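Engineer:
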DNA sequence: TTGAAAGCGCTACCAC
DNA sequence: GTGGTAGCGCTTTCAA
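Residue numbers (the numbering used here), protein chains in the order written: chain A, 21 to 361; chain B, 21 to 361.
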């Protein structure tokens with residue numbers, strides 16, 4: 021069976037207190053005894069129980085990552101970044117895919133508390149404000165990543181979605197496009213709204229007229245919905261010459277719709293995605309897309325979480341990272357016209 | 021602060037033993053008292069500590085998932101399946117991306133033991149046999165998923181890789197292809213070897229000659245390596261007319277190489293992938309690929325793990341699932357020739 | 001039916 | 001330097 025601290029103490033002929041001190045590098049133990057104890061630990065393949073340590077007031081070195089779906093490439097990347105930073109610092113991550121389902125969110129939140137995690141990183145967000153409130157009250161560290169929940173007093177790390185949309189809009193308008201459609205996720209997400217707002221701003225600055233009928237939100241199956249909506253647009257006679265998609269999944273849908281209608285990308289239709297997931301490199305042509313710095317986001321989220329330990333922060337911190345336009349091959353100047361500048 | 025069982029007992033005017041019984045639905049407590057206690061728990065937002073319970077010999081309801089990389093779509097899907105089945109049964113999952121790096125494997129294995137997980141699902145595999153041995157000896161439940169470690173006495177759930185390769189080979193040969201190249205992962209993986217073996221068998225049965233120079237293994241950056249190797253082949257004068265890729269990432273590389281050379285898919289070159297990840301639907305054309313039933317695999321892995329609890333199994337179980345060829349648009353009959361049958 | 005009390009493995013404080 | 005010991009929150013006999 022598993023060796024305990026008692027086994028080690030007995031084998032080494034010392035008290036468990038001595039062993040504990042050695043484990044934690046505290047107190048004063050003679051070099052000799054210390055080495056002896058280490059040797060015994062090694063021999064018994066002894067691993068100190070984090071469980072037992074946690075019970076005495078220490079941390080569990082564990083936290084939970086609440087996201088919509090780990091099999092969504094964007095969140096998988098966030099997860100990887102969180103995991104890596106956590107691992108560096110000695111923490112383990114519980115993965116919690118919620119499907120944005122209230123019941124699952126509730127259950128996971130409850131489980132994470134029962135398991136005494138040291139904090140929770142939340143990348144899922146719609147109307148979960150109320151569910152988060154109780155855990156916040158227990159002064160459990162929480163940080164939001166890639167999603168915002170306005171009105172909640174929590175540390176947050178996001179990108180500047182407005183700027184991301186603006187980047188996309190500037191790019192497309194700069195290429196001479198006039199009729200540009202927008203495929204967004206749920207309108208409930210502030211990130212979606214911000215991206216559209218930035219996009220619109222850039223278009224209007226370029227003198228384009230804003231056509232609300234060219235903006236559509238999409239449901240659960242992003243690629244399918246995106247495809248359907250794009251098909252609608254492309255079938256009309258005054259079809260858009262470019263589509264801005266608020267994430268890469270939607271862009272894939274748009275790509276499929278275009279191909280189905282025999283439209284060439286980017287000659288006949290330009291498409292811009294968002295997130296720069298691995299999918300953007302798999303499409304043909306490779307997708308021009310707005311990148312989120314997932315690595316940095318995950319890292320920051322962990323760091324902010326850990327900073328909260330002990331001292332509850334007075335006012336929450338908000339880290340806003342810059343998005344970046346990644347030019348690939350799904351966008352081009354409007355046929356015949358040279359791009360501006 | 022967090023409420024404990026003592027708080028509940030005090031509030032309800034009973035002993036902690038009574039509260040404990042209510043929590044676990046054991047013992048005999050009068051209906052009345054029970055409801056009263058439930059009410060207090062609710063009011064205090066009390067969550068029983070899994071940590072403390074675990075210390076008294078109960079389980080932690082937690083297990084670890086060791087995979088190469090959670091941001092690899094295939095493993096993200098496995099993870100999702102494992103998570104879902106676990107969640108159903110009340111378990112939480114630690115995600116552990118190892119990058120197939122010995123040091124990381126070692127550390128994660130150690131951490132998982134310190135955190136007293138109830139079991140470990142291993143989807144990472146190369147030469148980790150020796151590292152697994154000690155944890156097996158401590159009678160920690162372990163099951164392998166999607167990877168095999170021959171010689172290890174462990175439950176395993178895999179697909180029939182040989183059959184998967186055979187499926188791909190039969191498909192391509194049936195389409196009339198004669199010169200078919202193979203892009204594989206590391207030759208150390210038995211899954212790679214098996215896929216190739218099955219593929220070869222199918223080709224030979226179709227009367228094709230096997231050309232070892234048309235088989236290449238690839239390193240860490242699968243899409244880049246795949247692209248490079250494919251480029252090599254496609255540049256030659258006796259270029260292959262089809263490529264079988266042992267996973268979708270490699271297929272993307274091949275797709276890129278083909279496009280770079282101006283080859284049309286599938287008219288000039290047929291490509292078959294493996295895994296049927298979301299990537300296969302994002303490519304253009306969509307990728308014909310051999311699907312692994314990730315949902316079922318994850319589920320089975322969890323179930324086998326849980327079956328191991330308590331009674332150590334005499335002889336390990338091996339679940340072999342059937343792969344399935346998913347026909348999409350990246351394959352076609354050799355130019356001019358009608359497909360056989 | 002209910003409660004008192006003995007641990008589970010470990011930490012931390014206090015004596016020696 | 002070193003060891004004894006009181007908990008941490010909970011489960012589980014065993015008596016009452």
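Cβ coordinates follow ideal geometry from the N, Cα and C atoms, glycine included. Every value quoted in this text rests on a predicted model; they were computed, and no experiment measured them.
List, from N- to C-terminal side, the alpha helix (DSSP H) runs of 4 residues or more that fit wholly inside the stretch 139-210 of chain B.
Structural biologist: DSSP runs (the alpha helix (DSSP H)) wholly in the stretch 139-210 of chain B: 149-157, 181-194.
Engineer: My output table needs one value for residue 301 of chain A: the three-state DSSP class, helix, strand or coil.
Structural biologist: Residue 301 of chain A: helix per DSSP, three-state reduction.
Engineer: Kindly give me the distance between the Cβ atoms of residue 189 of chain A and residue 222 of chain A, rounded to whole angstroms, as I take these residues to be in contact under 8 Å.
Structural biologist: Right, the Cβ-Cβ distance comes to about 3 Å (below 8 Å), so this counts as a contact.
Engineer: Hey, how far is the Cα of residue 127 of chain A from the Cα of residue 133 of chain B?
Structural biologist: Rounded to the nearest angstrom, the two C-alpha atoms are 25 Å apart.
Engineer: Report buried or exposed for residue 114 of chain A, applying the criterion of at least 16 other Cβ atoms within 10 angstroms of its Cβ.
Structural biologist: Burial call: buried.
Engineer: For a cutoff of 8 Å on Cβ pairs, would you count residue 114 of chain B as touching chain A?
Structural biologist: Yes, residue 114 of chain B lies at the interface with chain A (some Cβ there is under 8 Å from its Cβ).
Engineer: Straight-line CA distance for residue 57 of chain B to residue 68 of chain A?
Structural biologist: Straight-line Cα distance between these residues: approximately 35 Å.
Engineer: Can you tell me the Cα-Cα spacing of residue 307 of chain B and residue 191 of chain B, whole angstroms?
Structural biologist: Answer to the nearest angstrom: the Cα atoms are 14 Å apart.
Engineer: Could you check how far apart the C-beta atoms of residue 112 of chain B and residue 82 of chain B are, in whole angstroms? I think they sit under 8 Å.
Structural biologist: Right, their Cβ atoms sit about 5 Å apart.
Engineer: Could you pull out every residue in the same chain whose Cβ sits closer than 8 Å to the Cβ of residue 186 of chain A, ignoring the five residues on either side in sequence?
Structural biologist: Correct list, in chain order: 218, 219, 221, 222.
Engineer: Considering only the alpha carbon of each residue, which of A/179, A/180, A/182, A/146 lies closest to residue 172 of chain A?
Structural biologist: Of the listed residues, the one whose Cα sits closest to residue 172 of chain A is A/146.
Engineer: Is the Cβ of residue 65 of chain A closer than 8 Å to any Cβ of chain B?
Structural biologist: Yes, contact with chain B.
Engineer: Apart from the five residues just before and just after residue 201 of chain B, which ones in its own chain have a Cβ nearer than 6 Å to its Cβ?
Structural biologist: Result list for residue 201 of chain B: 234, 253, 260, 263, in chain order.
Engineer: Could you tell me whether any Cβ in chain B is nearer than 8 Å to the Cβ of residue 108 of chain A?
Structural biologist: Taking Cβ atoms only, chain B never reaches closer than 8 Å to residue 108 of chain A, which makes this a no.
Engineer: What does the alpha-carbon distance come out to for the pair residue 152 of chain B and residue 136 of chain A?
Structural biologist: Rounded to whole angstroms, residue 152 of chain B to residue 136 of chain A spans 28 Å at the Cα level.
Engineer: List the residues of chain A that residue 68 of chain B touches, going by C-beta distances under 8 Å, in chain order.
Structural biologist: The contacting residues are 134.
Engineer: Please state whether DSSP places residue 293 of chain B in a helix, a strand or coil.
Structural biologist: In this structure, residue 293 of chain B counts as strand in the three-state DSSP scheme.
Engineer: Which same chain residues, not among the five before or five after residue 321 of chain A, have their C-beta less than 7 Å away from its C-beta?
Structural biologist: 102, 141, 163, 165, 177.
Engineer: Taking the CB atoms as reference points, tell me whether residue 97 of chain B and residue 64 of chain B lie closer together than 8 Å.
Structural biologist: Taking 8 Å as the Cβ cut-off, residue 97 of chain B and residue 64 of chain B do not qualify as a contacting pair.
Engineer: Answer yes or no: do residue 237 of chain B and residue 291 of chain B have a C-beta to C-beta separation smaller than 8 Å?
Structural biologist: No.
Engineer: Do you know offhand how far residue 24 of chain B's Cα is from residue 74 of chain B's?
Structural biologist: Each residue's Cα considered, the two are about 15 Å apart.
Engineer: So, is the C-beta of residue 303 of chain A closer than 8 Å to a C-beta in chain B?
Structural biologist: Yes, contact with chain B.
Engineer: Strictly below 7 Å CB to CB, what residues from chain A border residue 75 of chain B?
Structural biologist: Neighbours of residue 75 of chain B on chain A, chain order: 71, 72, 75.
Engineer: Can a CB atom of chain A be found closer than 8 Å to the CB of residue 29 of chain B?
Structural biologist: Not closer than 8 Å to any Cβ of chain A, the Cβ of residue 29 of chain B fails to qualify, so no.
Engineer: Need the endpoints of the alpha helix (DSSP H) that residue 136 of chain A sits in, please.
Structural biologist: Where residue 136 of chain A is concerned, there is no enclosing alpha helix (DSSP H), given that its DSSP letter is neither H nor E.
Engineer: What are the uninterrupted segments assigned as beta strand (DSSP E) that are 3 or more residues long and contained completely in the stretch 49-122 of chain B, given in chain order?
Structural biologist: Complete beta strand (DSSP E) runs here, min 3: 82-87, 112-117.
Engineer: Going by the DSSP bridge assignment, what does residue 265 of chain B pair with across the sheet?
Structural biologist: Looking at the DSSP assignment, residue 265 of chain B forms a beta bridge with B/203.
Engineer: On the criterion of 16 or more Cβ atoms from any shown chain inside 10 Å, does residue 108 of chain B qualify as buried, or is it exposed?
Structural biologist: Exposed.
Engineer: Would DSSP call residue 34 of chain A helix, strand or coil?
Structural biologist: Of the three classes helix, strand and coil, the one that applies to residue 34 of chain A here is coil, per DSSP.
Engineer: Looking only at its chain, what residues have a beta carbon closer than 7 Å to the beta carbon of residue 357 of chain A, apart from the 5 residues adjacent to it on each side?
Structural biologist: Residue placement at residue 357 of chain A cannot be trusted, given a pLDDT of 46 that sits under 50; the coordinates are not used to answer.
Engineer: Between which residues of its own chain and residue 210 of chain A is the CB-CB distance below 7 Å, once the five residues before and five after are set aside?
Structural biologist: Excluding positions up to five away in sequence, the list reads 168, 170.
Engineer: Reducing DSSP to helix, strand and coil, say where residue 237 of chain A ends up.
Structural biologist: DSSP places residue 237 of chain A in strand when its eight states are reduced to three.
Engineer: Flag residue 100 of chain B as yes if its beta-carbon sits less than 8 Å from any beta-carbon of chain A, otherwise no.
Structural biologist: It does: the Cβ of residue 100 of chain B has a partner Cβ on chain A nearer than 8 Å.
Engineer: Once the 5 residues before and after residue 91 of chain B are set aside, which same chain residues still bring their CB inside 8 Å of it?
Structural biologist: Counting only Cβ-Cβ distances below 8 Å, and skipping sequence neighbours, we find 117.
Engineer: Compare the beta carbon distance of residue 161 of chain B and residue 139 of chain B with 8 Å and say whether it is the shorter of the two.
Structural biologist: Against a cut-off of 8 Å, the Cβ pair of residue 139 of chain B and residue 161 of chain B comes out as a contact.
Engineer: Would you tell me roughly how many angstroms separate the C-alpha atoms of residue 319 of chain A and residue 348 of chain A, rounded to the nearest one?
Structural biologist: Using only the alpha carbons, I get a separation of about 27 Å.
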